[in-house]
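Trainee:
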C-alpha cells in the first residue's frame with residue numbers, strides 16, 4: 003500500500019457510514035437446514051463503528067439470529083458505477099447481541115426517522131454486530147481481509163462524545179440550521195432543501211457528521227478526530243467556515 007492509498011479498514015468504515023441499508027446473510031432456522039438466507043434491513047453505526055440493526059422478532063432473519071447469532075452484512079458502495087463490479091463493497095462478519103441502550107436507539111432513529119413509529123414496540127429490539135473481520139473488494143484486484151481492530155474505534159475515548167451527541171444535534175438543528183444546510187450543500191455536495199423539508203444534523207461520530215433531508219443522507223468528514231463535545235464543536239465550526247467560504251466563491 004502506498005502512502006496515498008487509504009487503509010482498507012478506513013475504506014470499510016466509509017462504506018458502513020455511507021450506507022442507510024444493508025443486506026443480511028443468516029442461517030435459515032425455520033426448517034433446521036441452516037441454508038443461507040438473505041434479507042434487507044436499515045443500518046446505523048455505534049460511535050465505535052459497530053453496525054446497529056433494529057429488528058422485529060417476527061422476521062425470519064431474527065429467528066435465524068436467535069438460533070445462531072452469527073451474521074454477515076454486505077455494505078454496498080457500487081451505486082453509480084457503470085460496472086458495479088468495479089465499485090467498492092464490504093462483507094462484515096461477526097456475531098450479534100441485543101442491546102438495551104436508549105442512547106444508541108435514539109441514534110438509530112435520528113438516522114432513520116421512520117423507525118420512530120415502531121422503535122418502542124415490544125417485538126422490536128436493537129442489535130449490535132460484534133465485528134470480527136471483514137472482506138473488502140474495492141474494485142478489480144483490490145481485495146483485502148481486514149481484522150476488527152483495523153475497522154473499529156476504541157469505544158472508551160468516544161464515550162464523552164456519545165453522551166453529548168443528542169445535545170450537540172439538538173443545538174445545531176435549533177440554533178444553527180443555516181450552518182447545517184451549508185455543510186450539506188457546500189461540503190457534502192447535495193442539493194439545497196426546501197423550507198418544508200430542511201437539512202438536519204442526524205449524528206456526530208469521531209470521524210464526521212451525518213445529515214438528513216427527507217430520504218437523503220449526506221456525510222461530512224472532520225479534519226481531525228473528535229472525542230467529546232468541545233472537540234466536536236471545533237470541527238463543526240471548521241466545517242461551517244469552509245462551507246461559508248465555498249458559498250461565497252460559488
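Residue numbers (our numbering): 3 to 252.
Virtual Cβ for every residue (Gly too), placed ideally from N, Cα, C.
Applying the 10 Å Cβ sphere with the 16-neighbour rule, what's the burial state of residue 123?
Mentor: exposed
Trainee: For residue 202, does the three-state DSSP call read helix, strand or coil?
Mentor: strand
Trainee: Express the C-alpha separation of residue 170 and residue 211 in angstroms, rounding to a whole number.
Mentor: The alpha-carbon separation between residue 211 and residue 170 amounts to approximately 11 Å.
Trainee: Report yes or no: do three or more beta-carbon pairs, one from the region 107–124 and one from the region 61–78, lie closer than 8 Å?
Mentor: no
Trainee: The beta strand (DSSP E) that contains residue 161, what's its start and end?
Mentor: Note, residue 161: premise wrong, no beta strand (DSSP E); alpha helix (DSSP H) at 161–177.
Trainee: What's the C-alpha gap between residue 166 and residue 230?
Mentor: 7 Å
Trainee: Compute the Euclidean distance between the alpha carbons of residue 92 and residue 57, then round it to the nearest angstrom.
Mentor: 21 Å
Trainee: Check each candidate in 216, 94, 193 and name the one with the smallest Cα separation from residue 204.
Mentor: 216
Trainee: Compute the Euclidean distance between the alpha carbons of residue 144 and residue 7, then round it to the nearest angstrom.
Mentor: 11 Å
Trainee: What did DSSP end up calling residue 49 once you bin it into helix, strand or coil?
Mentor: coil
Trainee: DSSP puts residue 127 in a beta bridge; with which residues?
Mentor: According to DSSP, which records beta bridges pairwise, residue 127 is partnered with 57.
Trainee: Which residue comes first and which comes last in the beta strand (DSSP E) that contains residue 109?
Mentor: No beta strand (DSSP E) contains residue 109, which is instead part of the alpha helix (DSSP H) from 104–113.
Trainee: Throw me the rounded Cβ distance for the residue 202 and residue 175 pair, which I believe falls under 8 Å.
Mentor: 5 Å
Trainee: May I ask you to verify whether the region 36–44 touches the region 85–101, counting CB pairs closer than 8 Å and requiring at least 3?
Mentor: no
Trainee: Would you decide whether residue 187 is buried or exposed? Buried here means 16 or more other CB atoms lie within 10 Å of its CB.
Mentor: With 16 or more other Cβ atoms within 10 Å, it is buried.
Trainee: Three-state secondary structure (DSSP) at residue 14?
Mentor: helix
Trainee: By the three-class DSSP mapping on this structure, what secondary structure does residue 228 have?
Mentor: It is coil, neither helix nor strand.
Trainee: Decide if residue 116 is buried, meaning its Cβ has at least 16 other Cβ atoms within 10 Å, or exposed.
Mentor: exposed
Trainee: Start and end of the beta strand (DSSP E) containing residue 150?
Mentor: From DSSP, residue 150 is part of no beta strand (DSSP E); its letter is neither H nor E.
Trainee: Distance check for residue 45 and residue 83, CA to CA, integer angstroms please.
Mentor: 22 Å
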